[in-house]
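**Student:**
Residue numbers (my numbering): 8 to 669.
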């Protein structure tokens, strides 16, 4: 496992403590340590220089040889101050002594000066890491060059080999940095360092041979050449490692040259292609310019032709527009005349008033009392102002415009609802009712079920304007949950449903404005609770207003995408359960406050499938639209209008008990 290159100094100091090393060495050989891992008892020695344990071997041999030499030559240098500067100074001294002994030899006079070597190599050598025992090389080389000065007459071979070792080490380090991604360079550099580490102990002992032994024996070995052979074997090992390293670097350089040549050739080829493409592009640009010139000429000619044609038809167009204005004016005047004649004859006009045409003041502010007017204004402001009604109209039109974005299959699946017996009973029944519809189709903000609901609302609005509409008063309220899911929207969540319905109800109120004195009786608490979005206050206000409608009134409450609020986000789940419970109570008993004649019909629609509120609605009041439920044709506004008109036209003749599911 690789160790970290740079350890914290405090950690190095702790690891180099001799007491810590001795204690750990004793513990790792104990039974407790071997029970954790038998490898802890592996023979190892501690290197204080590198702060790690290593397996005894050639490095230990080298370290012992260096320390032995230092002990015998304490007067010359200290082992604790061994640096690359010291190594190069010893090399310079050995070179000078060698020159003195061989003065006059021009071949040997070509050696470089020591100060030049130091200036060139020290920055590189100091950057060589001390990992894997490389720090010992400084001491080993220092000993070699010092011993050469002492025995230069017997160490010429050692000197010739080792005088270039610092430069070779710097060269190896430079190549390692240049080819840092090449594992082969790393392996051969380690071979080179290992060759140095393994050869230095023998050379040190050879060079230090004059310190021990009999002089006759040493002179005999010198004459017989044994020392020269030993030196040759050591030097040959180092030279072989250097040669292999240089050969590998040469191979890498040749490979790099080949790759560079290929890349250069590819670049030249690409440049040639770009030049060809540029020439073609220039020609294309010329052709485009000619085409643009032709188009401009044609455009000018067409523009002149169109100007002449427009001039010739402008008069006819103005006459046609005036004709449209006159026709539209006559149509409106005829409608006004018919209403006036009907009122003179005692025939009341159409009573359905959705979308409403009254302003807020006409709806609520008919009372001359300033307090009543103030209550009305406070209520409108607490509900959200004029925007709550305009938002409903905008949501409705947005859904209608998205009709063509849905597939025919999705629309026919949604249209199948009008064929359901439960839906027809909900629409045409004479009693309050509630119906929960699961579309099982999509969970988009606007779905095919949204389109069906919007067209149903539009059909009810259209029918209310016809003179032949039913004689009971009807109001249609509409809300789409998918358009109001932002926390910043005043109409968001279950409370937003009631805010919108109350605003629409006030704008659509039939006849005189409702009595609002019950609001003043709460001393402003009801208005404050509405501002704070309290669902109970909104339920109370909605039910109070429903109870003040004429007994024969019918209120259609159509909610699209109700499942968007089936979530605990912002507490919507609890609020939605309360709102659905209110609609269920209105379907079962009608408004509990005020008159009991008002019929509330609630249609709760989920584009996909409700996950919670279905528990609040009985099974006979739920409809599931599966993929297999397909109407023959997709719903359109006209087809839905005609079918509803047909149902209302036969309202007095049909027996609901004889209705059959198609």
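Every residue, glycine too, gets a C-beta built ideally from N, C-alpha and C.
Determine the extent of the beta strand (DSSP E) in which residue 482 is found, giving its start and end residues.
**Tutor:** Where residue 482 is concerned, the enclosing beta strand (DSSP E) starts and stops at 481 to 487.
**Student:** What's the C-alpha gap between residue 212 and residue 238?
**Tutor:** 11 Å
**Student:** Identify, in the order they occur along the chain, each residue of the same chain with its Cβ nearer than 6 Å to the Cβ of residue 460, setting aside the five sequence neighbours on each side.
**Tutor:** Result list for residue 460: 565, 567 and 612, in chain order.
**Student:** When DSSP builds the beta bridges, which residues end up paired with residue 629?
**Tutor:** Note: residue 629 is bridge-paired with 443 in the DSSP secondary-structure output.
**Student:** In the DSSP assignment, what residue or residues form a beta bridge with residue 54?
**Tutor:** 59
**Student:** Where does residue 623 land, buried or exposed, given buried means 16+ other C-beta within 10 angstroms?
**Tutor:** buried
**Student:** By how many angstroms is the C-alpha of residue 270 removed from the C-alpha of residue 299?
**Tutor:** 41 Å
**Student:** Please classify residue 466: is it buried, with 16 or more other beta-carbons within 10 angstroms of its beta-carbon, or exposed?
**Tutor:** buried
**Student:** Write down the C-beta distance between residue 390 and residue 510 rounded to the nearest angstrom, noting that I regard them as a contact closer than 8 Å.
**Tutor:** 5 Å
**Student:** Since I believe residue 244 is in contact with residue 202 (beta carbons under 8 Å), could you give me their beta-carbon distance rounded to a whole number of angstroms?
**Tutor:** 5 Å
**Student:** When we look at the beta-carbon of residue 316 and count the other beta-carbons within 10 Å, is it buried (16 or more) or exposed?
**Tutor:** exposed
**Student:** Report the option in 405, 524 and 251 whose CA atom is closest to the CA atom of residue 381.
**Tutor:** 524
**Student:** Quick check: the segment 420 to 436 against the segment 536 to 551, are there 3 or more CB pairs under 8 Å?
**Tutor:** At 8 Å Cβ cutoff, the stretches do not touch.
**Student:** Residue 563 bridges to which residues according to DSSP?
**Tutor:** Residue 563 pairs with 483 and 608.
**Student:** Is it buried or exposed, residue 275, if we count other Cβ atoms within 10 angstroms and call 16 or more buried?
**Tutor:** exposed
**Student:** Would a C-beta distance cut-off of 9 Å place residue 595 and residue 619 closer than the cut-off?
**Tutor:** no
**Student:** Could you name the residues that DSSP lists as bridge partners for residue 613?
**Tutor:** 445
**Student:** When you compare only the Cα positions, how much space is there between residue 550 and residue 408?
**Tutor:** In a straight line, the C-alpha of residue 550 is about 33 Å away from that of residue 408.
**Student:** What is the rounded straight-line gap between the Cα of residue 305 and the Cα of residue 405?
**Tutor:** 41 Å
**Student:** For the alpha helix (DSSP H) containing residue 545, list its first residue and its last residue.
**Tutor:** Taken as a continuous stretch (DSSP letters only), the alpha helix (DSSP H) holding residue 545 covers 542 to 554.
**Student:** Look at the alpha carbon of residue 443 and the alpha carbon of residue 621, and state the distance between them as a whole number of angstroms.
**Tutor:** 7 Å
**Student:** In angstroms, rounded to a whole number, what distance separates the CA positions of residue 36 and residue 48?
**Tutor:** 5 Å
**Student:** If you drop the 5 nearest sequence neighbours on each side, which residues of the same chain put their C-beta closer than 6 Å to that of residue 570?
**Tutor:** Setting aside the 5 residues that flank it on each side, residue 570 is surrounded in the same chain by 613 and 617, each with a C-beta closer than 6 Å to its C-beta; the list follows chain order.
**Student:** Quick check on residue 416: does DSSP put it in helix, strand or coil?
**Tutor:** helix
**Student:** If residue 427 and residue 561 are in contact, beta carbons under 8 Å, what's the gap, nearest whole angstrom?
**Tutor:** That belief does not hold up - the Cβ atoms of residue 427 and residue 561 are roughly 20 Å apart, past 8 Å.
**Student:** Can you tell me whether DSSP reads residue 256 as helix, strand or coil?
**Tutor:** Shown here, residue 256 sits in a helix according to DSSP, grouped into three states.
**Student:** Could you tell me whether the Cβ atoms of residue 392 and residue 501 are closer together than 9 Å?
**Tutor:** no
**Student:** Our contact map puts residue 403 next to residue 464 with C-beta atoms below 8 Å; I'd like the distance itself, whole angstroms only.
**Tutor:** 6 Å
**Student:** Contact check, residue 641 vs residue 415 under 8 Å by CB: the rounded distance?
**Tutor:** 6 Å
**Student:** What are the boundary residues of the alpha helix (DSSP H) that residue 452 is part of?
**Tutor:** Note, residue 452: premise wrong, no alpha helix (DSSP H); not H, not E.
**Student:** Consult DSSP for residue 472 and reduce its assignment to one of helix, strand or coil.
**Tutor:** coil
**Student:** Hey, how far is the Cα of residue 17 from the Cα of residue 492?
**Tutor:** If you take the alpha carbons of residue 17 and residue 492, they lie about 60 Å apart.
**Student:** Please go through the same chain and pick out, in chain order, the residues whose beta-carbon is closer than 7 Å to the beta-carbon of residue 437, but skip the five residues on each side of it.
**Tutor:** none
**Student:** Using the Cβ count rule (16 or more neighbours within 10 Å means buried), how would you classify residue 272?
**Tutor:** exposed
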